[in-house]
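Those protein sequences? They're chains A and B, same order as listed. Just so we're aligned: 248 in this note's numbering is position 248 of the first sequence, and the numbers increase by one with no gaps anywhere. Just so we're aligned: 54 in this note's numbering is position 54 of the second sequence, and the numbers increase by one with no gaps anywhere. We put the CB at the ideal spot given by N, CA and C, even for glycine. Just so it is clear, the structure is predicted and the values come from calculations on it, not from any experiment. Scroll down for the structure; my scribbles are underneath it.
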Amino acid sequence: MPVESLFPRLEKLLPQISKPIQYVGGELNSQVKDWDEAEVRWCLMYPDAYEVGLPNQGVMILYEVLNEQPGVLAERTYSVWPDLAKLMRENGVPAFSIDAHRPVKAFDVLGISFSTELGYTNMLEALDLAGIPLHAKDRTEDDPIVLAGGHAAFNPEPIAAFIDAAVLGDGEQAVLEMTEILKQAKRDGADRAETLLRLAKTGGVYVPRFYDVEYLEDGRIGRVVPNHPDVPWRVSKRTVMDLDEWPYPKQPLVPLAETVHERMSVEIFRGCTRGCRFCQAGMITRPVRERSITGIGEMVKAGLEATGYEEVGLLSLSSADHSEIGEIAKGLADRYEGTQTSLSLPSTRVDAFNIDLAQELSRNGRRSGLTFAPEGGSERLRKVINKMVTKEDLVATVTAAYGAGWRQVKLYFMVGLPTETDEDVLEIADMAREVIRAGRQATGTRDVKCTVSIGGFVPKPHTPFQWVGQADPDTIDRRLKLLRDAIRDDKSTAKSIGYRYHDGKPGQVEGLLSRGDRRVGAVLEEVWRQGGIFDGWSEHFSYERWMTAAQAVGVDVDRYTTRERDELEVLPWDHLDSGLDKDWLWSDWQEALAEQDLDDCRWIPCFDCGVCPQMGTEIQVGPTGKTLLPLSIV
Amino acid sequence: MSKQPPGAPPPPPVQRIRLRYTKRGRLRFTSHRDIARVFERALRRAQVPMAFSAGFSPHPKISWVGAAATGVASEAEYVEIALAVVCDPEQVRQALDASLPAGIDLVEAVVAEPGTSLPDRVQASSWLIGLPQVPLQDLEQAVVKFLAATVIEVERMTKNGRRVFDTRSAVVSMRATQGDDCAILRVVVQHVTPAVRPDDVLTGLRSVSDLATPVPPAATRLAQGPLTPEGEVADPLAPDRVAAGHPGATAGATRQVSEVAGVQPPG
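Written as structure tokens, this is what we have:
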């Protein structure tokens, strides 16, 4: 069946909407492959606006990995803003890919990458715009397989009714293996059920329809059981080993429209074993796998040539922890001396960071801001969350940054952490004041500023905090106000300290979706039916809409958020294997309560979190001892 | 801490090149901010030796002349770049054109006549507006009414808020012709403040007649430059060409009409 471009119909709508360029496609390094020559066709979606979705590394990597394969085609789609969605519905224009503007419904797979649960309503909106039945059980042979990936896929139970399948972990090899299965299934004339069964049998693709959830009388989960003899009891996450073999994106997409990250990004390592107990990313991406210094150098060179970007971001969960970060920063700064190319390290820990490194980073270009994330206000609380930074270290590091010429630093904390008291939160104000005073002394000027930025803590699955009762929004809001007053009260420093925060309500909804089970899906659907989309955007998010919807479908939000779970409760995601041993997570939770910290297994013997033996993986770190040679003789 | 970064300031510009580029097809949906970013990256990929501003945030020296609005196509947009090394303008044009997306096409490059200002030369624009599903007769009647009026006020949001302004006095000439698949309006509009844009002219036309435009009209800027006594728009790069010793190269101005994507030149 020929699939025609929807662009001529879309083009008539574009003059009537804002920022039409985001729907046009044609980005540098994007590609349009022949539809009829492809045997398996993927539509990759990032369920947020184009400006947020385009820079997403996951989608960019899979787009390139898939398109490199002969006989395989991948195009992209992002959430459309309400102005266009309204016109599409009025004019009967269905959801489209932005590469060749093909109908989303015409693809074999719609793969959606969820960085956050707040993208769920946008998935429902996209399915509806595409003309794909909302519920997996209503889909026919004409519909794509709707596949969820990304960090939120480690508990896809709240969206189990809407997706056909989910993949946990790294996608590079997973999409290729799935493509082979889909290709064979098409050749065999397998129907939808058979195709999904073949995927489920691998043990690496979660197909919710093959698992039944049994509930106890009190509403807790009894167990999750496979309802087909050939599917495994547990589904495992995927782990890519040897990042140097996967130097993607090789040809990063460069948008015409403005996006949130305008830089060339290189993932310098994957995984993190610092063991911060609140951090889902650090728990589910173990073990640490470093890209080599030479591999990084090659990716930066090829990426800059392919894009023309003037900033290179060295990405990871804690970039200063790379075993050769000093050599990498110096090597790149030397190579790009005089080219107005700047380097940035988006995630840096206070203790691993030093000012020499910062100087290297800003040597060739624009000096960006510095952000430090102590996360917890008091030393006691930092022991609970296992983010071991002392106040003295932080003040010394920030003071050194001021001394080296920075005038503005950002300090990031969370409020609502387990065991937190008002006093813990008020210590944030003390720390900020001390930073300012020390900075003034070191620089001899009053021209130093810091911004205190606060996020609300949301307990996540597959972490030692997966059992905790989440702080309710009123508690969070009250502590945010206490902190604001404390910062304002000291007139000698108040004007030098900025204060940014969000209220506790969105975190509550995120908490409901993060640790929800299949029953939460009804809330999600009701919210979307009442007009809920773009929940990550404060101008679109409505707490009241979520609470009203939960009441309407009979879901008790507190059960999922503020209720503390006990050790033996079956959690909705227990049948999804992140490699972490549940007993180890529980003992780490107990150690948190005892305010005991835990070191990083890169530098101490294994403490048996379970991931490496369970997944057949190992830590891959340097140093390699190599350096980056000047480009002229490379 | 000094207010300037350590080290020598970037080298001063030694050459300025003026470029004409297009916004064709889908690329007409770019905003002027999009174009600016696309240009900066293309300059880097093409390794054009740009001159940079001094300071902690060095920027390549690029001066924009006006800019067609988002959604409006153009055959005649202009930009001036400052270089740190003297280059052959045609080589810069070719390298940059190869690095820009198809649709933003670099069609001319000339060395700037020293001491002159390109924005000063740009006084008026010549527009071609395709009006699908509009009978030529209706358009002709609206044009007659428009030209007969002395003042035609329209209202639009500008960056200074909602403003009412006259569209008639900015229009130098206006005529209706029949294209292959739609009626076409040809209009020469002077650059005034607030700007009278093609959609303002259409709003004005609708306000003096019962002209209806069922499909969004598609506007293309064919030329912008000095306004001649005959009411024509002249080539703004002509003086630079004379100064550089290449007065003959004005082919671009006559070639452009047939290149307008999707719209046939008026018969």
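Problem - chain B contacts made by the region 254-265 of chain A, where a contact means CB separation under 7 Å - result: Listed in sequence order: Val254, Leu256, Ala257, Glu258.
Problem - Contacts of proline 101 of chain B in chain E (Cβ-Cβ under 8 Å) - result: Among the protein chains in the structure shown, which are A and B, there is no chain E.
Handout entry: DSSP bridge partner residues for glycine 25 of chain B (one or two, in chain order)
Key = Looking at the DSSP assignment, glycine 25 of chain B forms no beta bridge with any residue, so it has no partner.
Practice task
Put isoleucine 497 of chain A into one of helix, strand or coil per three-state DSSP.
Solution key: Isoleucine 497 of chain A: strand per DSSP, three-state reduction.
Problem - Cutoff 7 Å: proline 630 of chain A Cβ touching any chain B Cβ - result: Chain B, which has no Cβ nearer than 7 Å to the Cβ of proline 630 of chain A, makes this no.
Practice task
Decide if the region 142-157 of chain A is in contact with the region 551-561 of chain A; the criterion is three or more beta carbon pairs, one per stretch, under 8 Å apart.
Solution key: As far as the Cβ criterion goes, the region 142-157 of chain A does not touch the region 551-561 of chain A, which means the pair count is below three.
Practice task
Please compile the residues from chain B whose C-beta is within a distance smaller than 8 Å of the C-beta of isoleucine 476 of chain A.
Solution key: Residues of chain B passing the Cβ test: none, with the nearest at roughly 37 Å.
Handout entry: Residue of A:Leu87, A:Ala165, A:Asn91, A:Thr307 minimising C-alpha distance to glycine 111 of chain A
Key = Answer by Cα proximity: A:Ala165.
Practice task
Give a yes or no on whether the C-beta atoms belonging to glycine 469 of chain A and arginine 335 of chain A are separated by under 7 Å.
Solution key: Cβ distance not < 7 Å, so glycine 469 of chain A and arginine 335 of chain A don't count as in contact.
Practice task
For alanine 42 of chain B, return the contacting residues in chain A, with the cut-off set at a CB-CB distance below 7 Å.
Solution key: For a Cβ distance threshold of 7 Å, residue set Gly308 of chain A lies close to alanine 42 of chain B, ordered along the chain.
Handout entry: Beta-carbon proximity of tryptophan 546 of chain A to proline 464 of chain A, cut-off 7 Å
Key = With respect to proline 464 of chain A, tryptophan 546 of chain A sits apart: the two C-beta atoms are not nearer than 7 Å.
Practice task
Mind checking the region 17-32 of chain B against chain A and listing, in chain order, the residues whose C-beta falls within less than 8 Å of any C-beta there?
Solution key: So the list reads Arg26, Leu27, Phe29, Thr30, Ser31, given in the order they occur along the chain.
Practice task
Identify which residue in A:Arg289, A:Lys19, A:Ile619, A:Glu360 has its Cα closest to the Cα of tryptophan 246 of chain A.
Solution key: For the residues A:Arg289, A:Lys19, A:Ile619, A:Glu360, the minimum Cα distance to tryptophan 246 of chain A belongs to A:Arg289.
Exercise for the section: Please name the residue in A:Gly171, A:Glu157, A:Val146 whose C-alpha comes closest to that of threonine 195 of chain A. Expected result: Measuring from the Cα of threonine 195 of chain A, the nearest candidate turns out to be A:Val146.
Practice task
Find the nearest neighbour of isoleucine 476 of chain A within the set A:Gly456, A:Ala486, A:Lys460, A:His462, judged by alpha-carbon distance.
Solution key: With respect to the C-alpha of isoleucine 476 of chain A, the residue from A:Gly456, A:Ala486, A:Lys460, A:His462 having the closest C-alpha is A:Gly456.
Problem - Cβ-based neighbour list, glycine 262 of chain B, same chain, cut-off 8 Å, excluding 5 preceding and 5 following - result: Low per-residue confidence applies at glycine 262 of chain B: pLDDT is 39, beneath 50, and the placement is therefore not dependable enough to give any value.
Practice task
Counting only the same chain and skipping the five closest in sequence on each side, list residues whose C-beta sits under 6 Å from that of serine 126 of chain B.
Solution key: Val188, Leu222, Ala223, Val233.
Practice task
Tell me threonine 177 of chain B's beta-bridge partners as DSSP assigns them.
Solution key: In the DSSP secondary-structure assignment, threonine 177 of chain B is bridged to B:Ile184.
Handout entry: chain B contact for isoleucine 21 of chain A (CB, 7 Å cutoff)
Key = Yes, isoleucine 21 of chain A counts as interfacial toward chain B.
Problem - Inter-residue Cα distance where the pair is leucine 483 of chain A and methionine 431 of chain A - result: Those two C-alpha atoms are separated by around 12 Å.
Practice task
Spatial neighbours of glutamate 27 of chain A within its chain, please: CB distance less than 7 Å, with the 5 preceding and 5 following residues excluded, ordered by chain position.
Solution key: Cβ within range, chain order: Leu253, Val254, Pro255, Leu256.
Problem - Within chain A, the residues that aspartate 34 of chain B reaches when beta carbons sit closer than 8 Å - result: Listed by position along chain A, the residues whose Cβ is nearer than 8 Å to that of aspartate 34 of chain B are Ile21, Leu256, Ala257, Glu258.
Problem - Contact between the region 216-228 of chain A and the region 15-30 of chain A (3+ Cβ pairs under 8 Å) - result: Below 8 Å, too few C-beta pairs join the region 216-228 of chain A and the region 15-30 of chain A to call them touching: fewer than three.
Exercise for the section: For my contact list, aspartate 535 of chain A and leucine 118 of chain A are in at a C-beta cut-off of 8 Å; report their separation, rounded to the angstrom. Expected result: Sure, about 4 Å apart at Cβ, within 8 Å.
Practice task
Assign glutamate 510 of chain A to buried or exposed, taking buried as 16 or more other Cβ atoms, counted over all protein chains shown, within 10 Å of its Cβ.
Solution key: Its Cβ being crowded by 16 or more others within 10 Å, glutamate 510 of chain A is buried.
Practice task
Could you check which residue in A:Arg102, A:Ser316, A:Leu10 has the C-alpha nearest to that of alanine 85 of chain A?
Solution key: The closest CA to that of alanine 85 of chain A, considering only A:Arg102, A:Ser316, A:Leu10, is found on A:Leu10.
Exercise for the section: Identify which residue in A:Leu14, A:Met414, A:Asp170, A:Glu539 has its Cα closest to the Cα of methionine 615 of chain A. Expected result: Out of A:Leu14, A:Met414, A:Asp170, A:Glu539, the CA that lies nearest to the CA of methionine 615 of chain A is found in A:Asp170.
Exercise for the section: With DSSP collapsed to three states, give me the class of proline 132 of chain B. Expected result: Three-state result, proline 132 of chain B: strand.
Practice task
In angstroms with no decimal places, state the Cα-to-Cα distance between glutamate 298 of chain A and methionine 174 of chain B.
Solution key: The C-alpha of methionine 174 of chain B is placed about 58 Å away from the C-alpha of glutamate 298 of chain A.
Handout entry: Selection of the region 55-67 of chain B by Cβ proximity to chain A, strictly under 7 Å
Key = Residues passing the 7 Å Cβ filter: Phe56, Ser57, Pro58.
Handout entry: Proximity winner among A:Gly403, A:Ile487, A:Ala320, relative to arginine 446 of chain A (alpha-carbon distances)
Key = Measuring from the Cα of arginine 446 of chain A, the nearest candidate turns out to be A:Gly403.
Exercise for the section: May I have the straight-line CA-CA distance separating leucine 124 of chain A from glycine 377 of chain A, to the nearest angstrom? Expected result: Roughly 38 Å between the two C-alpha positions.
Exercise for the section: Taking leucine 14 of chain A as the query, report the chain B residues whose CB atoms sit under 8 Å from its CB, ordered along the chain. Expected result: Per Cβ cutoff of 8 Å: Phe29, Gly71.
Handout entry: Nearest-angstrom beta carbon gap, leucine 182 of chain A and valine 40 of chain A [assumed within contact, 8 Å]
Key = Confirmed, about 5 Å.
Practice task
Return helix, strand or coil for proline 47 of chain A, following the three-state DSSP convention.
Solution key: When secondary structure is reduced to three states using DSSP, proline 47 of chain A falls in the strand class.
Exercise for the section: Taking glutamine 340 of chain A as the query, report the chain B residues whose CB atoms sit under 7 Å from its CB, ordered along the chain. Expected result: Contacts between glutamine 340 of chain A and chain B, judged by CB atoms closer than 7 Å, involve Phe52, Pro58 in chain order.
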